[in-house]
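Residue numbers for the sequence shown follow the numbering used here, so the first one is 36 and each next one is one higher.
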Amino acid sequence: MRETAPVTTIDRDRIGELFARERERFAATHQGSKRAHERAQGSLLSGVPMNWMTRWPGDFPVFFERAEGAELTDVDGNVYADLCLGDTGAMTGHAPAPTTAAVNERLGKGITAMLPTEDAAAVGEEMQRRFGLRDWQFSLSATDANRFVIRIARQITGRPKILIHNHCYHGSVDETVANLVDGQVRPREGSVGPGPDVAETTRVVEINDLEGLERELAEGDVACMLIEPALTNIGIVLADDGYHERVRELTRKHGTLLVIDETHTLCCGPGGYTAAHGLEPDFLTIGKPIGGGIPTGAYGISTEFSDRIIEHTFWKEADVGGVGGTLAGNALSLAAVRATLAEVLTAEAFEQMIALAERFETGVAETIAERGLPWSITRLGCRAEYMFSSTPPHTGAEAAAAMDDDLDALLHLYMLNRGVLMTPFHMMALMSPATTEEQVDRHTEAFREATAELTGG
Ligand SMILES: Cc1ncc(COP(=O)(O)O)c(C=O)c1O
Numbered sequence: 036m037r038e039t040a041p042v043t044t045i046d047r048d049r050i051g052e053l054f055a056r057e058r059e060r061f062a063a064t065h066q067g068s069k070r071a072h073e074r075a076q077g078s079l080l081s082g083v084p085m086n087w088m089t090r091w092p093g094d095f096p097v098f099f100e101r102a103e104g105a106e107l108t109d110v111d112g113n114v115y116a117d118l119c120l121g122d123t124g125a126m127t128g129h130a131p132a133p134t135t136a137a138v139n140e141r142l143g144k145g146i147t148a149m150l151p152t153e154d155a156a157a158v159g160e161e162m163q164r165r166f167g168l169r170d171w172q173f174s175l176s177a178t179d180a181n182r183f184v185i186r187i188a189r190q191i192t193g194r195p196k197i198l199i200h201n202h203c204y205h206g207s208v209d210e211t212v213a214n215l216v217d218g219q220v221r222p223r224e225g226s227v228g229p230g231p232d233v234a235e236t237t238r239v240v241e242i243n244d245l246e247g248l249e250r251e252l253a254e255g256d257v258a259c260m261l262i263e264p265a266l267t268n269i270g271i272v273l274a275d276d277g278y279h280e281r282v283r284e285l286t287r288k289h290g291t292l293l294v295i296d297e298t299h300t301l302c303c304g305p306g307g308y309t310a311a312h313g314l315e316p317d318f319l320t321i322g323k324p325i326g327g328g329i330p331t332g333a334y335g336i337s338t339e340f341s342d343r344i345i346e347h348t349f350w351k352e353a354d355v356g357g358v359g360g361t362l363a364g365n366a367l368s369l370a371a372v373r374a375t376l377a378e379v380l381t382a383e384a385f386e387q388m389i390a391l392a393e394r395f396e397t398g399v400a401e402t403i404a405e406r407g408l409p410w411s412i413t414r415l416g417c418r419a420e421y422m423f424s425s426t427p428p429h430t431g432a433e434a435a436a437a438m439d440d441d442l443d444a445l446l447h448l449y450m451l452n453r454g455v456l457m458t459p460f461h462m463m464a465l466m467s468p469a470t471t472e473e474q475v476d477r478h479t480e481a482f483r484e485a486t487a488e489l490t491g492g
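Structure (structure tokens):
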């Protein structure tokens with residue numbers, strides 16, 4: 036039986052003291068990263084190639100030198116158990132051998148030519164087998180896959196709006212950079228130069244709010260409902276039992292297409308959440324992990340809608356109609372996807388990855404209970420996340436309310452200083468086929484140490 040302590044309150048001053056100490060330690064052991072960042076400030080906005088990289092805690096980000104399997108080495112020679120895995124872009128582990136071999140071979144034979152290769156059909160067949168949808172198309176990112184599917188859904192339904200979950204993330208798709216604020220659809224805080232008013236383009240409901248969903252769909256103007264089957268970008272929020280069955284009934288009843296974004300929820304198994312739970316989407320979008328690190332995105336279309344897309348396509352202008360991309364479906368990406376699906380993200384690999392996530396979950400849950408912390412952990416396949424609320428959140432708003440920026444920054448820095456890389460912006464860990472029990476236990480140990488220091492235990 037677990038030892039359970041009474042609920043513990045964390046002293047906010049203690050968070051600040053520990054953060055100051057860890058920040059100094061980080062600076063002392065990451066001088067190479069500091070120098071790299073100083074140099075980069077001469078030519079890169081904020082000294083980083085993408086602005087969100089400044090959001091890592093510490094005064095500068097870690098600059099990495101190499102990453103293989105689930106281990107990452109920075110320019111100072113610090114070695115990390117990588118539980119971030121490029122926020123799922125490297126869920127395969129870094130540089131997986133079969134993908135690297137296929138990519139190397141393809142590099143010498145031509146990368147992009149505006150023509151298909153034979154890998155394309157092999158990938159299409161495998162996607163079909165895994166996810167159950169018949170026809171596939173490719174993009175360079177999950178964002179683009181979502182963008183294209185939204186256009187297609189509008190085209191074939193003749194409806195203007197999309198519907199999303201509150202606090203979802205589907206990439207930088209204009210229509211999805213929206214949240215509910217006091218029941219109103221508003222641009223997300225920090226939305227950069229929002230264009231068309233999201234209240235005009237988007238309906239937003241909480242995950243698990245079936246009443247709200249029915250009310251919004253009944254307006255009759257929603258082309259598609261674009262959702263992750265569980266939220267994974269505001270902590271993990273799981274769907275209630277029966278939620279997806281009812282979503283499917285309601286979307287069918289109201290003539291709204293159902294789009295499932297499996298970019299992160301592929302963590303549930305080889306066919307993602309869709310195959311694991313028998314979902315029946317009209318479209319499925321995905322990106323990041325299927326290329327083993329090589330940029331790609333894809334969308335699958337159910338048979339019924341393939342015919343309608345073909346019917347609605349203005350073929351003479353198909354290259355400039357808003358769905359496309361010169362490098363989309365390029366030979367290199369497809370060679371990478373083919374090898375990754377065939378040899379890396381296999382059913383056996385998922386079994387092992389899920390068992391590791393269970394080990395991670397147990398270690399964290401036992402520590403939370405022992406220390407009496409009002410925190411919880413949620414696991415979804417080979418992904419797990421601890422949250423600063425005593426019960427797992429049931430909606431996006433609840434998950435957002437459980438965020439604690441100070442604790443989050445402290446724990447990320449604490450982990451970095453002990454050789455563990457967690458996904459930034461929330462406390463999420465992902466397992467790859469290369470992840471080891473020792474790496475999971477390294478996190479558990481650091482988590483035990485951090486929580487002991489926080490609670491004086
Ligand atoms: C569910 C989901 N969809 C789409 C995306 C966008 O992926 P990308 O930035 O690679 O286009 C993300 C990124 O985190 C995501 O989590």
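We treat Cβ as the ideally placed atom computed from N, Cα and C, and that holds for glycine.
- Cβ neighbours of Gly206 within its own chain (closer than 7 Å, five residues either side excluded): Ser176, Ala177, Thr178, Asn181.
- Given a length threshold of 4 residues, each whole run of the alpha helix (DSSP H) inside the region 195-240 is given here in chain order: 233-236.
- For secondary structure counted as the alpha helix (DSSP H) over 4 or more consecutive residues, the region 322-394 holds these complete runs in sequence order: 338-347, 366-378.
- Here the alpha carbon of Thr43 sits roughly 43 Å from the alpha carbon of Leu293.
- Counting only the Cα atoms, Ala382 lies some 15 Å from Leu391.
- The Cβ atoms of Val240 and Asn268 do not sit closer than 8 Å to each other.
- Distance from the C-beta of Ser176 to the nearest heavy atom of ligand 1 is below 7 Å.
- The three-state secondary structure of Ala487, taken from DSSP, is helix.
- Burial state of Trp87 is exposed, judged by a 10 Å Cβ sphere holding fewer than 16 other Cβ atoms.
- Between ligand 1 and the CB of Thr298, the shortest heavy atom gap is smaller than 7 Å.
- In its chain, beyond the 5 residues on either side, Thr64, His65, Gln66, Gly67, Ser68 have a beta carbon closer than 8 Å to the beta carbon of Asp111.
- Around the C-beta of Arg406, 16 or more other C-beta atoms lie within 10 Å, and the residue is accordingly described as buried.
- Around Gly145, the same chain offers Ala366 as residues with beta carbons nearer than 8 Å, after the five sequence neighbours per side are excluded.
- In the three-state reduction of the DSSP assignment, Leu150 falls in the coil class, being assigned neither a helical nor a strand state.
- Nearest neighbour of Arg283 by Cα position, chosen from Leu266, Ile262, Gly193, turns out to be Ile262.
- If you draw a 10 Å sphere on the C-beta of Pro151, you find fewer than 16 other C-beta atoms in it, and that means exposed.
- One thing to note: Glu393 has its Cβ no nearer than 8 Å to the Cβ of Met463.
- Short note on Asn113: C-beta not closer than 7 Å to any heavy atom of ligand 1.
- With a cut-off of 7 Å, the C-beta of Asp441 is classified as distant from ligand 1, since no heavy atom of the ligand falls inside that distance.
- Here Trp87 carries a helix assignment [DSSP, helix/strand/coil].
- A distance below 8 Å separates the beta carbons of Thr236 and Lys196.
- Nearest to Val184 by C-alpha distance, out of Pro84, Glu386, Asp317, is Asp317.
- Under DSSP, His129 shares a beta bridge with Gly104.
- Boundaries of the beta strand (DSSP E) around Phe173: 170-174.
- Put simply, of Val257, Asp170, Gly326, Ala371 the residue whose alpha carbon is nearest the alpha carbon of Ile191 is Val257.
- His279 and Ser424 have their C-alpha atoms some 25 Å from each other.
- The C-alpha of Glu484 is placed about 46 Å away from the C-alpha of Ala363.
- Remark: three or more beta-carbon pairs, one from each stretch, lie closer than 8 Å, so the region 159-168 and the region 328-336 are flagged as touching.
- For Leu314, no beta strand (DSSP E) run applies, since DSSP gives it neither H nor E.
- Look at Cys303 here: in three-state DSSP terms it is helix.
- Judged by DSSP secondary structure, Ala436 falls within the alpha helix (DSSP H) whose first and last residues are 431-436.
- Note on geometry: alpha-carbon atoms of Thr108 and Ala102 lie some 6 Å from one another.
- Note: Met422 is bridge-paired with Ser411 in the DSSP secondary-structure output.
- Under the three-pair Cβ rule at 8 Å, the region 370-388 counts as touching the region 302-314.
- Annotation for Asp46: no residue places its beta carbon closer than 6 Å to its own, counting only its chain and skipping 5 residues before and after.
- Sixteen is the threshold: since fewer than 16 other Cβ atoms of the shown chains lie within 10 Å of the Cβ of Ala156, the residue is exposed.
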